[in-house]
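So the structure is just underneath, and the comments pick up after that.
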Amino acid sequence: MNIFRFAGDMTHLISILVLLLKIYATKSCSGISRKTQELYALVFLARYVDIFTEFISVYNTIMKIVFIASTLAIVWCMRGHRVVRRSYDKELDTFRHYFLIAASLVLALLVHEKFTFQEILWAFSIYLEAVAILPQLVLLQRSGNVDNLTGQYVFFLGAYRGLYILNWIYRYFTEPHFSRWIACVSGLVQTALYADFFYYYFLSWKNNAKLKLPA
Amino acid sequence: RWRSNRHDEL
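And the structure:
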């Protein structure tokens, strides 16, 4: 464990806590893409299938449980909660995310570390996570003004993988056999997808203006 | 070598 990876995990945790706060405090999920939440639930379920067979550390196991439980709770809340689901932007959240799932699965069958069930699921979760934010970014562009908590949620979610890239660089130089090129290339693509969001987020912070993504 | 590929990250 290094400071970059710990900071990345904490940033990821903060993004989930900010999203939970937004939904709980405002009893609304307007501006949040349910499809992105469903994709992330799939990412965690596919990536953490080894949670019971592969014990890494208490920290690792607890964080896996927190990520799976919180994301499933958010999806359930957006689908099932009487009050929250009424504020879901159903007509705006129309990204065909099934294509993202199919493309990630095909790519995982072609490019993986080992042709085993677990490794293919792991590669699938890595590729899917890289594109999982797309429905959310499209929804932000369509929904005009973005409320603060939603903007902060997306910002922290994008920043966490950027910190992981620093972690991979650090591990590359400090560990002899370290090779994580699938996660690294995918992480670079994932972080690059946030580039324009980060730009407009920085502008809104600098000009102390409301965050607005151009349509 | 295999151990270094163990998925120890979240």
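Heads up: the sequence lines are chains A and B, in that order. All letters in the first sequence, in the order written, are residues 352 to 566 by the working numbering. All letters in the second sequence, in the order written, are residues 9 to 18 by the working numbering. Cβ coordinates follow ideal geometry from the N, Cα and C atoms, glycine included.
Discussion item. Just to confirm my understanding: we take T501/A, look at its own chain, exclude 5 residues before and 5 after, and list those with CB closer than 7 Å. What are they?
Written reply: K373, G382 and I383
Discussion item. With the cut-off set at 8 Å, would you say T412/A and I419/A are in Cβ contact?
Written reply: no
Item to complete: Pick helix, strand or coil for K386/A, following the three-state DSSP scheme.
Response: helix
Discussion item. To be precise: take each residue of the region 359 to 378 of chain A, compare its Cβ to all Cβ atoms of chain B, and keep it if any distance is under 8 Å. Which residues remain?
Written reply: D360 and H363
Worksheet item: For K465/A, which three-state DSSP category applies?
Response: coil
Fill in: Nearest residue (CA-CA) to V540/A, options E480/A, G495/A, V369/A and E405/A
E480/A
Item to complete: With DSSP collapsed to three states, give me the class of K557/A.
Response: helix
Item to complete: Find the residues of chain B that neighbour I407/A, judging by a C-beta separation of less than 7 Å, and give them in chain order.
Response: D16
Worksheet entry | Under 8 Å by beta carbon: chain B residues contacting N411/A | D16 and L18
Worksheet item: What are the boundary residues of the alpha helix (DSSP H) that includes D360/A?
Response: I354 to T377
Item to complete: Confirm, please, whether the CB-CB distance from L544/A to V497/A is below 8 Å.
Response: no
Fill in: Within 7 Å of chain C by C-beta, residues of the region 534 to 563 of chain A in sequence order
Included in the structure are the protein chains A and B, with no chain C among them.
Item to complete: Take L370/A as the anchor and find which of R447/A, H448/A, F468/A and F507/A has the nearest alpha-carbon.
Response: F507/A
Discussion item. Let me check understanding here. Comparing Cα to Cα, which of G538/A, I425/A, F548/A and L488/A lies closest to A567/A?
Written reply: Chain A is shown from 352 up to 566; residue 567/A falls before or after that span and cannot be answered.
Worksheet item: Mind checking if F468/A is an interface residue toward chain B, Cβ cutoff 8 Å exclusive?
Response: no
Practice prompt. Provide the residue(s) that pair with K563/A in DSSP beta bridges, ordered along the chain.
Written response: N496/A
Worksheet item: Are V489/A and F446/A touching if we call contact CB-CB under 8 Å?
Response: yes
Item to complete: Answer yes or no: does any C-beta atom of chain B fall closer than 8 Å to that of W427/A?
Response: no
Item to complete: Return the CA-CA distance between H463/A and V417/A, expressed in angstroms with no decimal places.
Response: 26 Å
Item to complete: Could you tell me the distance, in whole angstroms, from the CA atom of C535/A to the CA atom of S366/A?
Response: 21 Å
Worksheet item: Is M429/A closer than 8 Å to Q388/A when the C-beta atoms are compared?
Response: yes
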